[in-house]
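A short write-up of the structure that comes next.
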Amino acid sequence: MRLLDGKKLAQEIKQNISAEVARLRQDGARLPKLALVLVGDRPDSVSYVNSKEKNCATLGLLCEKHHLPEEVSQDMLLELIAQLNVDETVDGILVQLPLPAHLDTDLVLDAVDYRKDADGLHPVNLGLMLKGTPYVLPCTPHGILRLLQDNGIVVDGRRAVVVGRSMLVGTPTALLLQQHHATVTQCHTHTRDLAEICQQADIVVTATGVPGLLRPEELKEGAVLVDVAMNHDDDGLCGDVYSRQTAPVLEQRLEAATPVPGGVGPMTIAMLMYNVLDLYRKH
């Protein structure tokens, strides 16, 4: 079994971004800028934002962080987003989730100009993706596709199962694989006979956050597993299927799999950086 090394590929993508930003700086051009909006002080959100800020700095991308108090009003948050939308020096905007309960998350995210949507999850961008003319792609689904393509895994004509239907990962991943000519089945919490369905798949993508969702023997021999989830078990970090315990069995059974950690996770942040540069080009 081949491990689909997300760390290695993410580093290659970042090196290409860094080289292009260096050329822009050498030419005296305006540099790409990401605006990060953080509401409150949730430790996990603060950590994620700091990681994105650090990645921008490492690659030479500009980054401005707007840290708002937990009790910020909806109107004040929307006013900030409106200002960022018209700021010609800002190419990408990312609102860190989750937002406090008193804020309307959908309303806030929809307020971001889709042409500055660094996450690629604005309804307009999802609609353009559905139409087959994407403006910018969602980070995690795009990272999954790149992991498959750059490792020479054929998607065209193969059966793919996506377990999960969130708008963050499951649904856009299913759509993206379908647009690259896979025959896609999307499963969810109400799906019956999940194992039977997955045993027919050449490519299985899991994004549920349920450790032990499938046993290795419930995957087709020679299949490809993309495990998006980041869970914890007694041995530490694990995915929905991939763990220290299941890895030896998967190794004997599958063509390829993403490790957890080190698979999809690094690709998500790399594709966010890619989106900032891509939006800059289009801006």
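For the sequence shown, the numbering used here gives the first residue as 4, with consecutive numbering after it. Don't be surprised by glycine CBs; every beta carbon is placed ideally from N, CA and C.
From residue i to residue j, what distance separates their C-alpha atoms?
i	j	result
L87	Q181	34 Å
L131	D109	18 Å
H286	R118	8 Å
L124	M170	8 Å
G215	D236	10 Å
E91	L228	42 Å
Q1	A38	Residue numbering for the chain in the displayed model covers 4 to 286; residue 1 lies beyond these limits and cannot be assessed.
I96	A163	32 Å
G212	G31	45 Å
V231	L34	32 Å
Q202	A226	9 Å
R2	N19	This structure leaves residue 2 out entirely; the chain is present only between 4 and 286.
G155	G167	25 Å
G43	R256	45 Å
T194	T209	14 Å
T148	L179	According to the sequence displayed, residue 148 carries Leu and not Thr. So the two alpha carbons sit approximately 8 Å from each other.
P72	C66	19 Å
T174	L12	24 Å
N1	G135	Because the chain spans 4 through 286 in this model, residue 1 falls outside it and cannot be assessed.
S50	L41	11 Å
With residue i as the anchor, note down where its beta strand (DSSP E) starts and where it stops.
i	result
L284	Correcting the residue identity first, residue 284 is Arg in this sequence and not Leu. First-last for R284: 267–285, but that is the alpha helix (DSSP H), not the beta strand (DSSP E).
T209	206–209
Relative to the C-alpha of residue i, which residue among the options is closest?
i	options	result
V165	V52, C66, A198, A38	A198
H145	P126, P219, A177	A177
P46	A13, L100, V24	L100
Q14	S48, N58, A210	N58
L3	S21, R247, Q77, Q255	The structure shown does not extend to residue 3, since the chain is modelled only from 4 to 286, so the question has no answer here.
K36	H193, E73, G173, A121	A121
E23	R168, L64, G43	L64
A114	A85, T136, L129	A85
E258	V89, L151, S50	L151
D94	V263, L80, D116, S48	D116
V207	V158, T192, M233	V158
A204	M4, R161, G9	R161
Going by DSSP, what residues sit across from residue i in a beta bridge?
i	result
Q189	V165
G95	L37
E67	A38
G239	D236
L228	V207, A260
D120	I96
R5	A259
From what residue to what residue does the alpha helix (DSSP H) around residue i run?
i	result
T108	108–114
T61	46–62
N154	Where N154 is concerned, there is no enclosing alpha helix (DSSP H), given that its DSSP letter is neither H nor E.
T174	173–182
V24	9–29
L80	77–89
K134	126–134
L197	197–201
Q.
Between the stretch 129–146 and the stretch 239–250, can you find at least three pairs of beta-carbon atoms closer than 8 Å?
A. No: fewer than three Cβ pairs fall under 8 Å.
Q) Should the stretch 248–260 be called in touch with the stretch 278–285, which here means at least 3 C-beta pairs below 8 Å? A) No: fewer than three Cβ pairs fall under 8 Å.
Q. Is the stretch 48–61 close to the stretch 265–276, with three or more CB pairs under 8 Å?
A. As far as the Cβ criterion goes, the stretch 48–61 touches the stretch 265–276, which means the pair count is three or higher.
Q.
For the pair the stretch 95–112 and the stretch 261–269, tell me if three or more CB-CB distances fall below 8 Å.
A. No: the two stretches stay apart, fewer than three of their Cβ pairs being nearer than 8 Å.
**Q.** the stretch 186–193 contacting the stretch 217–233, beta-carbon criterion three pairs below 8 Å
**A.** These segments do not touch.
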